[in-house]
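Asker: UniProt numbering applies: residue 1 is where the sequence shown begins, and numbers increase by one.
C-beta atoms are modelled at their ideal positions from N, C-alpha and C, and glycine is treated no differently.
Note that the structure is predicted; figures quoted are calculated from it, not measured.
Let me give you the structure first, and then I'll get to my questions.
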Amino acid sequence: MDKSLIKKHCSTNEESRNLLGLAIDKLGMSARAYDKILKVARTIADLEGSSSIETPHISEAIQYRSLDRKVEV
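The structure is reproduced here in structure tokens:
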């Protein structure tokens with residue numbers, strides 16, 4: 001899904017955008033990670049039958065993305 005399709009199909013409310021922005025800042029994620037989280041959140045919303053991406057969808061997507069990161073010991 002390219003950037004224009006992400007904009008079209010992955011719209012969020014202000015609360016969700018704020019949560020995602022905070023996670024990106026605090027976890028040091030890239031702009032690419034931002035897009036990936038939005039796409040996963042869209043999938044989660046679809047599976048729940050929701051027409052819009054809500055804050056719980058973003059939260060769950062962030063958790064999945066955090067699992068992908070390498071753990072430094």
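(1) Provide the residue(s) that pair with I53 in DSSP beta bridges, ordered along the chain.
(2) Just how far apart, CA to CA, sit S50 and I62?
(3) Measure from the alpha carbon of T55 to the alpha carbon of each residue in R42, L67, K3 and R32, then state which is nearest.
(4) Quick one: grab the DSSP three-state call for E60.
(5) Just reading off the alpha helix (DSSP H) that D2 is part of, what are its end residues?
(6) How would you call A45, buried or exposed, if buried means at least 16 neighbouring beta carbons within 10 angstroms?
Answerer: On the basis of the supplied data:
(1) T12
(2) About 18 Å.
(3) R42
(4) helix
(5) Looking at the DSSP string, D2 is not in any alpha helix (DSSP H), and its letter there is neither H nor E.
(6) Counting every other CB atom within 10 Å of its CB across the protein chains shown gives A45 a total of 16 or more, marking it as buried.
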